[in-house]
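Working notes, beginning with the structure itself.
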Amino acid sequence: MYFAVITILPEMFSAIRDYGITGRAVQNKQVVIDCINPRDFTTDNYRRIDERPFGGGPGMVMMAEPLAKAIQFAKSQASQHGCRTQAEYCPVIYLSPQGDKLDEKTVMSLHDYDAMILLCGRYEGIDERLLQRYVDMEISIGDFVLTGGELPAMVLMDSVIRRLPDVMGDAKSAEQDSFVEGLLDCPHYTKPHEFEGLTVPEVLLSGHHANIAMWRFTQQVNRTKQRRPDLWQNFKPNTEQARLLKKVNKK
Ligand code: 4FN
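Here it is as structure tokens:
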């Protein structure tokens, strides 16, 4: 999968490119993360990418021209990486508070594309005309004020990359298919048996796999009901979950 990121702070992306599971995916060439700096597409001596807003007011606005050139360059890079260039195959995604909220459904749907261009805003935002002409999709990671779209772009890439085939170990992918889908996690425990006077639930030490699966599922259901009634409302159990739910309700 190919990501082109339009950003004036390309160094930030070492966080995802150089570390952890996403870093390994880059090393294994399952993922390419190309940062493109709109400053490199300016023509003036000062490499200006921002200007004062028409109509006055505080702060600065990112100018359309350097961003447009950066996006055009990103599209040519995407096609060089074996990805088709039409907008529908390489969408330009603007990370923005105005966008649709990112959720696991959106993450999965982004796997329809082998390439995408992520546009990161800074200052007060981007000239509206650039957005009108070049942006195919707007996505938000949540309702809070940020200083830029870079962290949201990394959040999006992290969630998309971890869902690519062979990026996570076998254990994780098997788990993803079915079991935890749609519910919060159950509590996790590891060594030692006792920590600051707290012990591990007996069932997890029993070696009784069916009972353990049942306990974990019950924890997931109860936590989801209690803490995320919105998730519980929309929960569509798969075959295995439906079977376990029946058993939970019988007790
Ligand atoms: N943010 C809000 C209302 C008005 C402005 C902001 C805000 C970075 C360029 C956008 C923020 C949050 C989630 C991108 C926020 C996101 C951004 C995101 C983001 C600098 C302009 C800005 C009502 C949401 C609190 C700054 C609400 N997901 N403006 O944060 O890019 O993707």
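This note's numbering puts the first residue of the sequence shown at 315, with every later residue one more than the last.
Virtual Cβ for every residue (Gly too), placed ideally from N, Cα, C.
Check	Outcome
Cysteine 500 versus methionine 482 - alpha carbon distance	20 Å
Boundaries (first-last residue) of the alpha helix (DSSP H) holding serine 292	Coverage of the chain is limited to positions 315 through 565, which leaves residue 292 absent and any answer about it impossible.
Beta-carbon separation (whole angstroms), glutamate 452 vs aspartate 414, contact threshold 8 Å	7 Å
Assumed close pair aspartate 364, valine 346 - CB separation to whole angstroms, cut-off 8 Å	Rounded, the Cβ-Cβ distance is 28 Å, inconsistent with contact.
Serine 492 classed as buried or exposed, judged by whether at least 16 other C-beta atoms fall within 10 angstroms	The predicted model places serine 492 with a pLDDT of 42, which falls under 50 and marks its position as unreliable; any figure quoted below should be read in that light. Exposed is the call here.
Endpoints, the beta strand (DSSP E) within which aspartate 414 is located	406–415
Heavy atoms of ligand 1 versus C-beta positions, residues under 7 Å	Leu409, Ser410, Pro411, Gly413, Gly435, Arg436, Tyr437, Glu438, Gly439, Ile453, Ser454, Ile455, Gly456, Asp457, Phe458, Val459, Leu460, Thr461, Gly462, Gly463, Pro466
Whether leucine 559 touches proline 551 by CB criterion (8 Å)	yes
Distance between arginine 542 and asparagine 536 (C-alpha atoms, nearest Å)	10 Å
Simplified DSSP assignment, three categories, for leucine 381	helix
CB contact flag (alanine 318, aspartate 354, <8 Å)	no
Isoleucine 526 versus Tyr503, Lys539, His507, residue with shortest Cα-Cα distance	Tyr503
Aspartate 426 - DSSP class collapsed to helix/strand/coil	helix
Leucine 432 and isoleucine 407 closer than 8 Å at C-beta	yes
Proximity below 8 Å, CB of valine 474 to CB of valine 517	no
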